[in-house]
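Only one structure is covered here, and it is reproduced in the block below.
Numbering (the numbering used here), first residue to last: 11 to 274.
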């Protein structure tokens with residue numbers, strides 16, 4: 011029997027085209043080679059390169075802005091997934107990095123130091139680590155999510171949610187966590203209504219569309235407040251864990267909490 015893939019969780023689907031071209035483990039050389047073939051660049055047009063940590067005092071985000079270098083530790087799932095998100099959402103990651111660079115320039119913080127990142131950079135880091143984009147053609151599904159009406163969404167309308175709600179994980183820390191999902195694993199989401207037929211498009215077209223939308227939003231200064239992102243307990247999504255086939259799974263009030271309503 012072939013060994014089970016570490017990426018068998020259905021939430022890895024946005025990375026599937028890349029995972030098919032890479033070893034099933036962190037491999038920085040393979041990642042760098044793929045990035046070169048895809049001609050990924052920063053917002054300033056610098057070719058993106060994955061490099062070992064330098065330890066020269068230049069901050070992580072400043073290094074990307076000034077040199078196009080993403081510090082990537084060898085044999086490290088967290089950094090490897092970060093690289094995969096760069097290749098899957100290149101415009102959005104570049105725009106996010108540019109937001110960091112703008113804040114660094116504003117505060118004069120090009121060199122790493124003890125100063126706090128500040129609100130905007132904290133928000134960008136938050137989305138970078140655990141963000142996701144949730145799309146649906148039926149906006150009422152997004153409204154249920156925004157209202158924290160978990161049982162109505164995942165029990166009463168389970169078939170509709172399974173077919174019509176698509177969660178594109180963006181955060182590389184979340185991708186790492188999905189290697190061993192734990193109770194309470196939560197993404198912070200941007201809710202995105204889409205037109206009829208969007209969900210029937212090829213994955214490549216969906217990724218390109220969301221990448222462009224996210225990049226435009228980030229460049230326009232949106233998503234700068236982590237409190238405005240919609241929490242989504244990922245283990246509640248149909249198919250993510252077998253336990254949620256039982257409606258009683260959603261009685262776990264610690265995991266499926268009530269909360270403030272977001273506007274879709």
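C-beta atoms are modelled at their ideal positions from N, C-alpha and C, and glycine is treated no differently.
Judged by DSSP secondary structure, residue 184 falls within the alpha helix (DSSP H) whose first and last residues are 182-187.
Excluding the 5 residues flanking it on each side, residue 86 has same chain C-beta neighbours closer than 7 Å at 36, in chain order. Residue 138 holds the alpha-carbon nearest to the alpha-carbon of residue 181 among 210, 148, 191, 138. Between residue 52 and the set 75, 32, 191, 150, the nearest pair of CA atoms involves 75.
Straight-line spacing of the CA atoms in residue 154 and residue 67 works out to 46 Å. Judged by beta-carbon spacing, residue 195 lies beyond the 8 Å limit of residue 183, meaning their Cβ atoms are not closer than that value.
For residue 242, the enclosing beta strand (DSSP E) has its first and last residue at 240-243. DSSP, reduced to helix, strand and coil, places residue 247 outside both helices and strands of the structure shown, so it counts as coil. One thing to note: residue 73 has its Cβ no nearer than 8 Å to the Cβ of residue 158.
Here residue 58 is buried. Its C-beta has 16 or more other C-beta atoms within 10 Å. Its Cα nearest to that of residue 77, the residue 54 stands out among 169, 189, 54, 113. Out of 56, 160, 217, the CA that lies nearest to the CA of residue 178 is found in 217. Across the set 249, 21, 114, the C-alpha of 114 shows the shortest separation from the C-alpha of residue 131.
Under the 10 Å beta carbon count, residue 83 is surrounded by fewer than 16 other beta carbons and is classified as exposed.
Between residue 100 and residue 81, the gap from beta carbon to beta carbon reaches 8 Å or more. It is roughly 26 Å from the alpha-carbon of residue 95 to the alpha-carbon of residue 265.
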